[in-house]
Amino acid sequence: MRATRRALLRALFLTALAGGTAAALTPVLTADRNARRPRAPRAPGAPGALRGEVLFDETYRGRRLRGRRTGSPAGHGTGNEPDALRVTVDGRPLHLMRRADGGYLTVVDHYVSYPTPLAAARAAVDELGAAHLSASPTHRA
């Protein structure tokens with residue numbers, strides 16, 4: 000029996016379809032296995048770090064910078080948000096905003112994105128110079 004053009008094209012199409020489906024499902028199937036593996040402890044400041052964990056506590060240009068995970072942005076939510084932070088400069092709150100690309104903006108400088116909360120706090124100190132952050136909250140209910 001001789002193979003027709005139609006049968007050859009059908010076999011080629013089904014082979015390509017099976018290969019494409021396998022390529023699309025491979026990440027989904029392997030992700031489930033990776034999720035069950037025990038994970039190594041995360042470094043301080045890494046995404047998904049534990050609530051209440053100290054991210055940094057250092058002196059930079061004579062200012063004390065501290066960062067800690069709070070687990071709830073500005074006191075809202077369920078407390079399960081892993082990226083909620085409390086960053087202070089000399090004990091006064093420095094409000095950070097998380098960008099979609101994973102960087103951070105500060106209320107001191109909305110025009111530059113910083114890769115980490117510590118980098119944002121250092122940049123705020125550089126920008127503030129001798130000035131101090133306000134000790135009162137910026138929003139009132």
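Using numbering that gives the first Met the number 0, you'd call the opening residue of the sequence shown number 0 and step up by one each time. Each residue gets a CB set at the ideal place from its N, CA and C atoms; glycine is no exception. Since the structure is predicted, the reported quantities are computational estimates derived from the model, not experimental observations.
### Task
Quickly, what does DSSP pair Phe55 with across the bridge? List them, please.
Phe55 pairs with Gly66.
### Query
CB-CB under 6 Å to Gly90, same chain, minus the five flanking residues each way: which ones, in chain order?
Answer for Gly90: no residue qualifies.
### Query
Excluding the five sequence neighbours on either side, which residues of its own chain have a C-beta within less than 7 Å of the C-beta of Val88, listed in chain order?
Answer for Val88: Arg62, Leu64, Ala120, Ala123, Val124, Leu132, listed in chain order.
### Query
Among the residues of its own chain, which have a CB less than 6 Å from the CB of Gly128, if the five just before and after it don't count?
Counting only residues of its own chain and dropping the five nearest sequence neighbours on each side, Gly128 has no CB closer than 6 Å to any other CB.
### Pairwise C-alpha distance: Ser112 and Val86
Rounded to whole angstroms, the separation of the alpha carbons of Ser112 and Val86 is 16 Å.
### Task
From the DSSP output, in three-state form, read off Pro92 for me.
Annotated three-state conformation of Pro92 is strand, per DSSP.
### Query
Rounded C-beta distance between Met96 and Leu84? I'm assuming under 8 Å.
Actually they are not in contact, since the Cβ atoms of Met96 and Leu84 sit about 10 Å apart, beyond 8 Å.
### Task
Classify Asn79 as buried or exposed, calling it buried when 16 or more other Cβ atoms lie within 10 Å of its own Cβ.
Bear in mind that the predicted position of Asn79 carries a pLDDT of just 47, short of 50, making it unreliable; the figure below should be weighed with that in mind. With a threshold of 16 other beta carbon atoms within 10 Å, Asn79 falls short and is exposed.
### Task
Could you say which of Val107, Phe12, Pro114 lies nearest to Ala99 if we only look at CA atoms?
Minimum Cα distance to Ala99 is reached at Pro114.
### Query
Taking the beta strand (DSSP E) that Asp104 falls in, what are its first and last residues?
According to the sequence shown, residue 104 is Leu rather than Asp. Leu104 -> beta strand (DSSP E) spans 103-105.
### Query
With distances taken from CA atoms, which of Gly102, Val107, Glu126 is nearest Leu93?
Minimum Cα distance to Leu93 is reached at Val107.
### Message
For Thr20 and Thr3, I'd like the C-alpha separation in whole angstroms.
### Response
The straight-line gap from Cα to Cα measures roughly 26 Å.
### Task
State the Cα-Cα distance for the pair Val53 and Ala118, rounded to the nearest angstrom.
Spanning the alpha carbons of Val53 and Ala118 requires a straight line of approximately 15 Å.
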